[in-house]
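Following: one structure in structure tokens, then a few remarks.
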Amino acid sequence: KNQSLVKDWQEDCINQVDRSGPEAKLQDFSERVCDEYIGFVNHQFGLSKKPFPLNASGEVMATARSFIVILTMGITGMVALVYDGSYSKSHKMGEFDVHYPKKWYVWILLALSVAHFTCAVLLTLFHVVAYSQWQIATGIDSWKEENPGLHHRLNGIYGTLLMTYFFFQDSGLVAKLLLAGVSYLGLQFDFLIYSIHLMYVCAQVETLGKVFEALYITR
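Take the sequence shown: its letters are residues 1 to 219, numbered as in this note's numbering.
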């Protein structure tokens, strides 16, 4: 009961459950428990038997998120302090000598950027470990219930395509892939790109995070 990812699922369920009426709320909650929660808890129990760090996916992800916030603030803060001049079309992205008067500024920012990208990759990989197998299994089970006469199709290329589809249906995974992609662009091209991650930093603040979550749910 103290598993952090299970607690996260419970909170998401409370936030996302249908509140159009008492019966709809009870039915939606029951379906989520039967279709998702039991399988998710079983998946997390299986992971708990794995060696470290696989058995601590939630803790690794939480640590990576914290470091991403700290590193984003550090990079954007340093850029704001030492960036010289203004953006110009005549200067290509990544021309550090133009905007950073001292080389050690660039080396510090590069080190912070490497650490930032590493944390973003770890966050993505451990999300896959913690969620993807369960997401795919849940999606396949739902598909089987809706298509009882087509189970044989899962043995061919259609099964692989279906698993790929459910893999990328995970909005949390897609968000983390985008986070890692922006981090790579910042490392590869220009430190200014890390300013995009300030939205992620804001989302980690509990109050602002709930605002973003509410906007996503009601979109």
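Even for Gly, the Cβ is constructed at its ideal location relative to N, Cα and C.
Notebook entry, point to check: Whole-angstrom Cβ separation of Asn72 and Leu150, contact assumed at under 8 Å?
Noted result: Strictly speaking, residue 72 in this sequence is Thr, with Asn absent from that position. With 8 Å as the limit, Thr72 and Leu150 do not qualify as a contact, their Cβ atoms being about 46 Å apart.
Check: Which class does Gly58 belong to by DSSP, given the choice of helix, strand or coil?
Finding: helix
Notebook entry, point to check: With burial defined as no fewer than 16 other Cβ atoms inside 10 Å of the residue's Cβ, what is the status of Leu187: buried or exposed?
Noted result: buried
Check: Roughly how many angstroms separate the alpha carbons of Ala221 and Leu81, rounded to a whole number?
Finding: This structure gives no information on residue 221, because the portion of the chain shown stretches from 1 to 219.
Check: Thinking C-beta only, is Phe167 closer than 8 Å to Gln135?
Finding: yes
Notebook entry, point to check: When DSSP labels each residue in this structure, what does Leu110 get in the three-state scheme?
Noted result: helix
Notebook entry, point to check: Can you tell me the Cα-Cα spacing of Asn2 and Ser48, whole angstroms?
Noted result: Reliability of the predicted coordinates at Asn2 is poor, the pLDDT of 47 falling under 50, and no value is obtained from them.
Checklist line | Residues near Gly172 in its chain [Cβ-Cβ closer than 8 Å; skip 5 each side] | finding: His127 and Tyr131
Next item on the list: Reducing DSSP to helix, strand and coil, say where Phe191 ends up.
Entry: helix
Note to self: Here's the rule: buried if 16 or more other CB atoms are within 10 angstroms of the residue's CB, otherwise exposed. What is Ala111?
What the structure shows: exposed
Next item on the list: Would you kindly check if the distance between the Cβ of Ser183 and the Cβ of Phe117 is under 8 Å?
Entry: yes
Note to self: I need the boundaries of the alpha helix (DSSP H) containing Phe167, first residue and last residue.
What the structure shows: Ile157 to Phe168
Checklist line | C-alpha distance - Ala62 paired with Pro53, whole-angstrom precision | finding: 13 Å
Check: Can you list, in chain order, the residues of its chain whose CB lies under 6 Å from that of Leu185, leaving out five sequence neighbours each side?
Finding: Ile193
Notebook entry, point to check: Roughly how many angstroms separate the alpha carbons of Thr160 and Arg153, rounded to a whole number?
Noted result: 10 Å
Next item on the list: Report buried or exposed for Ser113, applying the criterion of at least 16 other Cβ atoms within 10 angstroms of its Cβ.
Entry: buried
Note to self: Here's the rule I'm using: 16 or more other beta-carbon atoms within 10 Å means buried, otherwise exposed. How should Thr124 be labelled?
What the structure shows: buried
Check: Under a three-way DSSP split, which group does Tyr83 fall into?
Finding: coil
Notebook entry, point to check: Which stretch, first to last residue, makes up the alpha helix (DSSP H) that contains Ile132?
Noted result: Note that residue 132 is Ser in the sequence shown, not Ile. Where Ser132 is concerned, there is no enclosing alpha helix (DSSP H), given that its DSSP letter is neither H nor E.
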